[in-house]
Amino acid sequence: MSVPNAHAASYYRERIGDDTLRLSLEGRAHADVCVIGGGLAGLTTARELARRGRRVILLEGERIGWGASGRNAGFVSAGFSEGLDTLERRVGLDQARALYALSCAGVAYVRDTIVASGRQDIVSGRGKLKVLRHAGTGALKRSRDALAQKYGVEQAFWPREHLREVLRTPVYHGALFDPDAFHIDPLAYAQEVARCCEAAGGWIFEGSPVSRIARIGAGWRVETDIGVVHAETVVLATSAYGVLHHTYAPVDRAILPVATHVVVTEPLGARLAEAIRFPGCVADTRRCGDYFRVVAGGRLLWGGRITTRRSEPSRLADLLKADILKVFPQLGDVRIDHAWSGLMGYSVRKMPLVGPVRPGLWAATALGGHGLNTSATVADLVASGICDGDDRWRLFAPFAVRWGGGLIGRLATRFEYGRLRLADRIDERAARGAARA
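Laid out in structure tokens, this is it:
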């Protein structure tokens, strides 16, 4: 029998053990702040508001960490979905530096939360490699130099010979090594943040999808099917799944849902240890790249095939298995034990939507494919903005809510992903030709 509001049948879901459903909101409730969305942005915002003494109610339509926050690859690293070069062109170097510093603070927040909770078991490995699938390593070296000169960040360039000592494949030609990144079980982390929120005095209700948000006098009325919250302030932290559920149209229209897919193999033992000797996480530099890491029990977690199509592909496990074997054919006929999909929410400019949308109505959403650190970043900004009048959220003002184009926008994005995949294939074909020459 299926469980109402059950988490996706993922590797993470199998590991969490107790999956007790929290109460749904019934009747009337009052709060200083109502947070909508129980992903990491909403959970962390609610936690920070509660720590600052606010009465907080969080409403989640499904389960805590049910969406992207509990389905992602678990990479925790600095930065945003948009690249630093583009940020510099849009807002200038000084503001780009300030934004990057906030993203680094988000990484530290995740790390500190895990350490303070005594949950080091959530961390699966440390370090990150950004790997290149063609021979032109000049761009990686320029990126390394720019990070050091402009942002004071030291990352090492690994040439092909060094890289092949830890990733036994001819596919990669070089890499940047980030020693400060790490990877985690994101669903376990979401549950830990929920526990911290409740310990600070926050109230969390699951199975409570919001059906209406309305301005009432000086405050807000948030309605579910069987309950209502009256609050002075509302925070929208719903992302792609808020779009599907039509939570609040002005913000929903600014978000483009983008799907990604993940598989986890059977335990592979010595053959995986021989192929992958790197304890951290790995992502390639392609426009629509793959990403992977070794997880507990000698399994390989592999993700990719980003698309604007919301439906899960048929034979998903076979598709990603084929992608694995293109890179590591020595793994042989691996069995896929878990396969799932999830939706990420992107804004048009690929930066988070942060700050007040209307008086008393804040956004903390659209974190794209870089949500683990940025969820902490935007949560701290929103909580301090509401409670303390802190205006650091204005650093994100150039990326404010903007219509994403609706159906035309989704079609245009789908076309763009197709174009980028073609460019990836051209680059790789050229690299193979050069290698043969």
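Each position in the sequence shown, counted from 1, maps to that position plus 186 in this note's numbering. Using N, Cα and C, we set each Cβ at its ideal position, and we do this for glycine too.
Item                                                                                                             : Value
Pairwise C-alpha distance: Thr446 and Leu593                                                                     : Model confidence at Leu593 stands at a pLDDT of 49, short of 50, so the residue's coordinates are unreliable; what they give is reported in the following sentence. For Leu593 and Thr446, the distance between alpha carbons rounds to 19 Å.
Helix, strand or coil at Glu418 according to DSSP, with G and I counted as helix                                 : strand
Pair within 8 Å by beta-carbon distance, Leu128 and Cys474                                                       : Any answer about residue 128 is impossible in this case: the structure gives the chain only from 187 up to 623.
Residues that Leu529 bridges to, as DSSP identifies them                                                         : Ala445
Backbone secondary structure at Phe363 - three-state DSSP                                                        : strand
Backbone secondary structure at His348 - three-state DSSP                                                        : helix
Among His216, Ser196, Ala562, the one whose alpha carbon lies nearest that of Leu553                             : Ala562
The segment 514–529 contacting the segment 437–455, beta-carbon criterion three pairs below 8 Å                  : yes
Ala623, buried or exposed, once every other Cβ within 10 Å from all chains shown has been counted against 16     : With a pLDDT of 49 at Ala623, under the threshold of 50, the modelled position of that residue is not reliable, and no figure is offered here.
Cβ distance (whole Å) where Leu279 is taken to contact Lys336 below 8 Å                                          : 6 Å
Candidates Asn258, Ser267, Gly531, Ala282: closest to Gly428 by CA position                                      : Gly531
Closest Cα partner of Gly405 within the set Ala417, Phe363, Pro395, Thr230                                       : Ala417
Three-way DSSP call (helix, strand, coil) for Gly489 in this model                                               : strand
Where Arg214 falls, given that 16 or more other Cβ within 10 Å makes a residue buried                            : exposed
Length of the line joining the Cα atoms of Gly347 and Arg208                                                     : The displayed chain sequence assigns Glu, not Gly, to residue 347. Going from the Cα of Glu347 to the Cα of Arg208 covers about 52 Å.
Segment contact flag, the segment 457–465 with the segment 249–265, C-beta cutoff 8 Å, min 3 pairs               : no
Cβ-Cβ distance between Val568 and Thr231 below 8 Å                                                               : yes
Beta-ladder partner(s) of Cys220, from DSSP                                                                      : Ile243, Val420
Cα-Cα separation between Arg501 and Tyr477, rounded to whole angstroms                                           : 19 Å
Of the listed residues Cys383, Leu318, Asp509, Ile399, nearest to Asp438 (C-alpha basis)                         : Ile399
Beta-bridge pairing of Arg214 - partner residues as DSSP gives them                                              : Val414
Bridge partners - Glu392, DSSP secondary structure assignment                                                    : The partner list for Glu392 (beta bridge, DSSP) is empty, contrary to what the question assumes.
Residues near Val301 by beta carbon distance below 7 Å, same chain, minus five either side                       : none
Alpha-carbon to alpha-carbon, Ala282 and Gly225                                                                  : 26 Å
Beta carbon of Val468 nearer than 8 Å to that of Leu529                                                          : no
Exposure label - Thr551; buried when at least 16 CB within 10 Å                                                  : buried
7 Å Cβ shell around Phe582 - same chain, five flanking residues per side excluded                                : Met537, Pro538, Val540, Gly541
Ser188 to Gly338 span [Cα, whole Å]                                                                              : Residue confidence is low: Ser188 scores 45 on pLDDT, short of 50, so the model does not pin down where it sits. No coordinate-derived value is stated.
Runs of alpha helix (DSSP H) lying entirely within the segment 264–340, each at least 4 residues, in chain order : 270–277, 279–302, 324–337
Under 8 Å between C-beta atoms of Gly466 and Arg312                                                              : yes
Touching by the beta-carbon criterion (3+ pairs, under 8 Å), the segment 355–365 and the segment 315–324         : yes
Residues near Ala217 by beta carbon distance below 7 Å, same chain, minus five either side                       : Arg241, Val242, Ile243, Val415, Ala417
The alpha helix (DSSP H) enclosing Tyr197, as first and last residue numbers                                     : 197–201
Bridge partner(s) assigned by DSSP for Phe478                                                                    : Val468, Trp488
Leu349 versus Pro372 - alpha carbon distance                                                                     : 27 Å
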